[in-house]
Amino acid sequence: MPVSYIVRLPDGVEYGPADLPTLAGWHKEGRLPAGSQVQAEGSDDWLPVAEVLRNPTTTRPLAAPASGRPTGIIPKPAAKPAAAKFPASPAPRPSAVKPGPDAGEPSAAPDLSGPDEPARPRAARSARPGSSPVPKIPRAVLLVAAGVLLVVVLLGTLLAALAPWIAQRRARLEVQGEALPDRRFADPSLGVIVEAPQGWLILRPETRLVAPSDAKLILAQPTVGAFAALRVESQPRLVAGEDASLDALVESWRLYRPKLQVLERGEQRLAKGQGHVLHASWDEAGEPMRGAAVVFHDGWNYFTLQAWAPAATASAFVSEFQALARGIAPPGALESRVDEAVRQVAVEAPELSRTAVRLLVQVRMSAGQPIDDLPETSVRVVNRGLLALSTAESAEMGKIYAQVWGPLPEAERNRLARYLEQVRAGRAIAPEEAKPLRQLIKAGILSLPEDVQARLQALNEKAIGAGLGRP
Numbered sequence: 060m061p062v063s064y065i066v067r068l069p070d071g072v073e074y075g076p077a078d079l080p081t082l083a084g085w086h087k088e089g090r091l092p093a094g095s096q097v098q099a100e101g102s103d104d105w106l107p108v109a110e111v112l113r114n115p116t117t118t119r120p121l122a123a124p125a126s127g128r129p130t131g132i133i134p135k136p137a138a139k140p141a142a143a144k145f146p147a148s149p150a151p152r153p154s155a156v157k158p159g160p161d162a163g164e165p166s167a168a169p170d171l172s173g174p175d176e177p178a179r180p181r182a183a184r185s186a187r188p189g190s191s192p193v194p195k196i197p198r199a200v201l202l203v204a205a206g207v208l209l210v211v212v213l214l215g216t217l218l219a220a221l222a223p224w225i226a227q228r229r230a231r232l233e234v235q236g237e238a239l240p241d242r243r244f245a246d247p248s249l250g251v252i253v254e255a256p257q258g259w260l261i262l263r264p265e266t267r268l269v270a271p272s273d274a275k276l277i278l279a280q281p282t283v284g285a286f287a288a289l290r291v292e293s294q295p296r297l298v299a300g301e302d303a304s305l306d307a308l309v310e311s312w313r314l315y316r317p318k319l320q321v322l323e324r325g326e327q328r329l330a331k332g333q334g335h336v337l338h339a340s341w342d343e344a345g346e347p348m349r350g351a352a353v354v355f356h357d358g359w360n361y362f363t364l365q366a367w368a369p370a371a372t373a374s375a376f377v378s379e380f381q382a383l384a385r386g387i388a389p390p391g392a393l394e395s396r397v398d399e400a401v402r403q404v405a406v407e408a409p410e411l412s413r414t415a416v417r418l419l420v421q422v423r424m425s426a427g428q429p430i431d432d433l434p435e436t437s438v439r440v441v442n443r444g445l446l447a448l449s450t451a452e453s454a455e456m457g458k459i460y461a462q463v464w465g466p467l468p469e470a471e472r473n474r475l476a477r478y479l480e481q482v483r484a485g486r487a488i489a490p491e492e493a494k495p496l497r498q499l500i501k502a503g504i505l506s507l508p509e510d511v512q513a514r515l516q517a518l519n520e521k522a523i524g525a526g527l528g529r530p
C-alpha cells in the first residue's frame with residue numbers, strides 16, 4: 060500500500076498528503092527548498108526530503124511481533140481518517156525554489172513527475188507558502204521599548220506644559236539684563252517724578268528691547284510681557300488738550316496699526332491729580348495686542364504714558380498699567396505760573412476769554428517772552444485772525460466795539476484810534492501813554508451787558524486762535 064507523506068517547509072508551512080512520486084517531482088522541480096522535511100503517515104518522525112527520496116523504506120513504520128502469537132503479516136492499524144483533521148482538498152504545488160545543498164538527484168527514487176495528489180493543508184500552520192518566518196521579539200525588549208515611548212510622551216507633554224513658563228523666564232532674564240537698580244525716576248528740568256510699582260522695572264535709556272524713541276523713561280513688566288514709555292511734548296497752542304492729545308495719538312497709531320480699535324476712554328487717577336486715558340487693541344505681526352495711554356499736562360508740557368502687552372495677559376496688563384499710572388506725580392510748577400499769569404492778564408483785558416488769555420500766555424512764556432504787554436499783543440493777534448471770521452461775525456464785532464467807543468468824548472476817541480493803529484502796526488508805545496488808553500478800553504468793555512461781553516470774548520477767541528496759527 061503506497062505511503063502518504065506530509066511535507067513541512069522551512070518556514071513551518073505544511074502540505075499533504077502526497078505520495079512518493081509526487082514528492083520526487085516537487086523535489087526535481089525545485090519546489091522543496093533546502094531544509095524541507097517529510098513525515099510518513101502514521102509516523103511521528105520528521106526526516107529530510109533528500110533522505111526519504113534516497114531510502115523510502117526508512118519512513119515505513121515496522122510492526123513488532125506479539126509474544127505467543129504466530130509470526131506473519133500483522134494488519135496495520137487503521138490510520139486516523141483524514142476527515143478527522145481537515146477535509147481533503149487539492150494540495151497546492153509548492154512554489155519553485157532554488158535547490159538547496161541536499162537537493163541532489165535521489166538514487167533510489169525514479170524521476171517521476173506524475174499528477175499531483177490531493178493534499179490536506181493543516182490550518183494550524185496558517186502562514187502562506189513561501190513566506191519567511193516572523194521572528195519573535197523578546198518580551199523584555201517590548202517592555203523596554205514601551206517604557207522608552209512612555210518617557211518620550213511624558214517629556215513632550217511636560218515640555219509643552221512648561222513652554223509658557225520657559226518663555227516667560229527667558230523674557231524676564233532678558234529684561235532684567237536691561238534693567239537699572241533704580242525704583243524712582245525724576246527729571247529736574249520737567250519736574251515729573253515716577254515711582255515704579257512692584258513688578259515694573261526701569262530700563263536703560265539705550266535698551267534694545269524697545270525701538271529707539273524720544274522717550275524720557277522706559278519701563279517693563281516681564282510677568283505680563285508689558286512695556287511702557289513716558290514721553291513729553293511742548294504744545295503751547297493747546298489749552299486743556301488732553302483729549303486732543305489722545306485723538307492725535309490714536310491717529311498716529313493708525314498709521315502703522317490699521318486694525319486699531321479704541322476700546323474705552325475715561326479718566327485715570329495719578330499720584331497727584333488725574334489724566335485722560337484710553338485703552339485700545341490691535342494686531343502686531345499676527346499677534347493680538349492690548350495697549351493703553353494716559354495723558355496729563357503741566358502748563359504747555361503734555362506728558363503721555365504709553366504701554367502695551369500681548370492680549371493674552373490683557374486683564375493683568377490693565378491692572379499693572381493702572382498701578383504704574385498711580386505712581387506718576389505731575390510737576391505742577393509750570394501750571395501754577397501759567398495760572399497766575401492768566402489771572403493777571405484777564406483782569407486787564409476783559410474783552411478776552413480765559414482760554415484766549417491762556418493761549419497767549421503759553422505762547423509767550425514758552426518762547427521766554429514777557430507777558431506784560433499781552434493786552435496790546437492781543438490786538439495785533441486779533442487783527443491777524445480777522446480773516447477767520449465770517450462777514451456777519453466781523454460786522455457783529457464792529458457793532459460791539461462801537462458800543463465801547465460811542466460814549467467816549469471825541470478827543471478820547473481820536474486818541475484811542477491812533478493808539479490802536481500803532482498797536483496793530485507793532486510800534487512801541489510808552490507805558491505812560493498806553494496805560495490810560497487801556498483803562499478806557501477796559502471801562503468800556505465792563506460797561507457792556509454780560510451777554511454782549513461773552514459774545515465779544517468768543518469772537519476774539521476765534522480770531523486769536525486763527526491769528527496764532529499764521530506766521
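Letter by letter, the sequence shown follows residues 60 to 530 in our numbering.
Don't be surprised by glycine CBs; every beta carbon is placed ideally from N, CA and C.
Item	Value
Beta-bridge partners of TYR74, as assigned by DSSP	VAL66
Whole-angstrom C-beta distance between ALA415 and ILE488, which should lie under 8 Å	At roughly 21 Å, the Cβ-Cβ gap does not stay under 8 Å, so ILE488 and ALA415 are not in contact.
Bounding residues of the alpha helix (DSSP H) (the contiguous stretch that carries THR81)	79 to 87
Simplified DSSP assignment, three categories, for SER425	helix
Cβ-based burial, LEU79 [other Cβ within 10 Å; buried from 16]	buried
Backbone secondary structure at ALA285 - three-state DSSP	strand
Rounded straight-line distance, which links the Cα of GLN498 to that of THR436	16 Å
Status (buried if at least 16 other CB within 10 Å, exposed otherwise) for GLY465	exposed
Span separating the alpha-carbon of ILE65 from that of LEU208	45 Å
Residue from ALA255, TRP85, VAL404 whose Cα sits closest to the Cα of GLN280	ALA255
Simplified DSSP state of ARG486, which is helix, strand or coil	coil
Beta-carbon spacing of LEU364, LEU289 below 8 Å	yes
Three or more C-beta pairs below 8 Å linking the stretch 265 to 283 and the stretch 384 to 404	no
Span of the beta strand (DSSP E), counted from its first residue to its last, around ILE252	252 to 254
Secondary structure, alpha helix (DSSP H): runs of 4+ residues fully inside the stretch 288 to 343	301 to 315
CA nearest to the CA of GLU265, picked from ILE252, VAL253, GLU237, PRO247	GLU237
Through-space distance from ILE261 to VAL253, alpha-carbon basis	10 Å
Residue closest to GLN98, alpha-carbon to alpha-carbon, out of PRO92, GLU110, GLU88	GLU110
As assigned by DSSP and simplified to three states, the class of TRP259	coil
Delimiting residues of the beta strand (DSSP E) encompassing GLU410	Taken as a continuous stretch (DSSP letters only), GLU410 belongs to no beta strand (DSSP E), as it is neither H nor E.
Beta-carbon separation (whole angstroms), ALA405 vs ARG413, contact threshold 8 Å	6 Å
Chain-order list of residues whose beta-carbon lies under 6 Å from that of ALA351 (same chain, five-residue window excluded)	HIS338, ALA366, PHE380
Stretch-stretch touch, CB-based, cutoff 8 Å, three pairs: the stretch 432 to 451 with the stretch 466 to 477	no
Whole-angstrom distance between PRO495 and LYS305, CA atom to CA atom	Correcting the residue type first, residue 305 is Leu in the shown sequence and not Lys. Straight-line Cα distance between these residues: approximately 45 Å.
Cβ separation of PRO434 and ALA408, assumed to be a contact under 8 Å, to the nearest whole Å	4 Å
First through last residue of the beta strand (DSSP E) which encompasses PRO347	346 to 357
Contact belief for ASP342 with PRO389 at Cβ below 8 Å, rounded distance in angstroms	With 8 Å as the limit, ASP342 and PRO389 do not qualify as a contact, their Cβ atoms being about 33 Å apart.
Sequence-distant residues of the same chain with beta carbon closer than 7 Å to PRO69, five excluded per side	PRO92, GLY94, SER95
Euclidean distance between Cα positions of ASN473 and ASP510	28 Å
Reduced DSSP secondary structure (H/G/I, E/B, other) of ARG5	With the chain covering only 60 through 530, there is no way to say anything about residue 5.
Secondary structure of LEU214, DSSP reduced to three states	helix
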